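In the UniProt record's numbering, the protein residues as written are 1 to 336.
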């Protein structure tokens, strides 16, 4: 069993495994070369190009996991939603949900329509036979927010208003997203994904009460339906929700840099923990990045069950040499 899988399950490993969110991205020369000729969606939909993007950081830095090159909004395209990935903006939906009646036009997606993702998994396993493939999906609240807001929002006023004022329509929408997510994640496992991550990028916008009332049951349903493979649940600005997370049936809590990793670990009990280097520290150069990395490693005391990662994605202006230094540092400092 690979060290990443072991760490996700809380088992002893020879050293702490490392992978980074957005480890395949604009900071890498190979990816920039791909982007000169192809859009992001073109790369995602071409398994051979996607494997080039996904494998480059693993081969270059020695990461312990190869995350799919894809986007969390991709399953929405199978739900009858038209969207684009705009440079510098991200996903943009042309006709977001505005009334409860709009939900009637949203149906569960067809996982079989995303065959190019599953082919990417198979090709990744051929290219990197000794590295586990990390599959992923967007969590219900985050995807529902895209459907309602139309794009990233700072305060999620439309989403919260819809949630409060049209609760039955909200629950219907969440059920559709859950059904889509479960089928998509299960298909990724069938084709070879060994670890799954559920990205809930925006869940930190919720109060604990709202999370419990409007979101938590749907997350639990996804984890109940995907048992048998390590599951990571990642969100940002979630310090106020950690107690609510503690009884959800996932294996690894992914946290950002806004919470002390030791404190977070104690709050979620026996689960493993992933994180939580601030991506901006990589911009400060090797000395700053390694100092911050050392602090995290000291906080977790080389305890089994830690997966080293960033608290969010690699920033485009990051120096690859600093990434390499951090990966090597974690590996050498945590040898057991």
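Note that the Cβ used here is the ideal one computed from N, Cα and C, for glycine as well.
Fair warning: this is a prediction, and the values are worked out from it, not measured in the lab.
Select from the options the residue whose C-alpha is nearest the C-alpha of residue i.
i           : options               : result
residue 288 : 264, 325 and 28       : 325
residue 75  : 106, 56, 218 and 169  : 106
residue 317 : 28, 222 and 229       : 28
residue 147 : 81, 282 and 335       : 81
residue 117 : 263, 95, 3 and 193    : 193
residue 21  : 3, 44, 91 and 54      : 54
residue 224 : 91, 67, 236 and 251   : 251
residue 9   : 297, 274 and 157      : 274
residue 139 : 153, 180, 132 and 120 : 180
residue 182 : 3, 235, 295 and 222   : 222
residue 300 : 284, 120 and 265      : 265
residue 44  : 121, 131 and 229      : 121
residue 69  : 167, 56 and 60        : 56
residue 86  : 1, 290 and 42         : 42
residue 209 : 291, 295 and 163      : 163
residue 94  : 169, 149 and 168      : 149
residue 73  : 11, 35 and 201        : 201
residue 191 : 161, 125, 156 and 171 : 125
Looking at the ligand ZN, does it come within less than 7 Å of residue i, judged from the CB to the closest heavy atom?
i           : result
residue 115 : Annotation note on the ligand ZN: not contained in the displayed structure, which lists no ligands.
Just to check my reading of the structure: residue i and residue j have Cβ atoms closer than 8 Å, yes? What is that Cβ distance to the nearest angstrom?
i           : j           : result
residue 233 : residue 206 : The pair is not a contact, with the Cβ atoms about 14 Å apart (cut-off 8 Å).
residue 226 : residue 186 : 7 Å
residue 30  : residue 327 : That pair is no contact at about 17 Å.
residue 58  : residue 128 : 6 Å
residue 302 : residue 334 : 6 Å
residue 307 : residue 7   : 5 Å
residue 312 : residue 238 : With 8 Å as the limit, residue 312 and residue 238 do not qualify as a contact, their Cβ atoms being about 12 Å apart.
residue 245 : residue 259 : Incorrect: roughly 11 Å between the Cβ atoms, too far for contact.
residue 277 : residue 293 : 6 Å
residue 314 : residue 90  : Residue 314 to residue 90, Cβ: 15 Å. No contact.
residue 137 : residue 184 : 5 Å
residue 131 : residue 189 : Actually they do not touch by this definition, with Cβ atoms about 16 Å apart.
Since residue i is in the beta strand (DSSP E), which residue starts that stretch and which ends it?
i           : result
residue 46  : Unbroken run through residue 46: none, as it is neither H nor E.
residue 135 : 133-138
residue 308 : 306-310
residue 108 : Residue 108 -> no beta strand (DSSP E), and no H or E assigned at all.
residue 273 : 272-277
residue 230 : First-last for residue 230: undefined, no H or E at that position.
Over the uninterrupted alpha helix (DSSP H) stretch that includes residue i, give me the two end residues.
i           : result
residue 123 : 115-127
residue 176 : 167-190
residue 261 : 261-268
residue 328 : 320-333
residue 195 : No alpha helix (DSSP H) contains residue 195, which is instead part of the beta strand (DSSP E) from 195-200.
residue 32  : 29-37
residue 87  : Run containing residue 87: none; DSSP gives neither H nor E here.
residue 252 : Per DSSP, residue 252 belongs to no alpha helix (DSSP H); it is in the beta strand (DSSP E), 252-254.
residue 63  : Premise fails: residue 63 is in no alpha helix (DSSP H) and is neither H nor E.
residue 293 : 286-300
residue 3   : 3-8
residue 244 : 242-245
Have a look at residue i and residue j and give me their C-alpha separation to the nearest angstrom.
i           : j           : result
residue 242 : residue 271 : 12 Å
residue 177 : residue 98  : 17 Å
residue 13  : residue 304 : 7 Å
residue 217 : residue 33  : 43 Å
residue 213 : residue 320 : 43 Å
residue 175 : residue 40  : 29 Å
residue 3   : residue 15  : 8 Å
residue 215 : residue 297 : 32 Å
residue 113 : residue 134 : 20 Å
residue 279 : residue 159 : 28 Å
residue 103 : residue 173 : 6 Å
residue 240 : residue 37  : 43 Å
residue 165 : residue 23  : 39 Å
residue 77  : residue 5   : 30 Å
residue 211 : residue 47  : 36 Å
residue 52  : residue 281 : 27 Å
residue 101 : residue 84  : 23 Å
residue 295 : residue 64  : 21 Å
residue 262 : residue 336 : 20 Å
residue 111 : residue 286 : 42 Å
residue 169 : residue 71  : 26 Å
residue 167 : residue 256 : 30 Å
residue 96  : residue 161 : 14 Å
residue 11  : residue 157 : 42 Å
Would residue i and residue j be called neighbours here (beta carbons separated by less than 8 Å)?
i           : j           : result
residue 248 : residue 220 : yes
residue 231 : residue 196 : yes
residue 203 : residue 151 : no
residue 79  : residue 115 : no
residue 330 : residue 18  : yes
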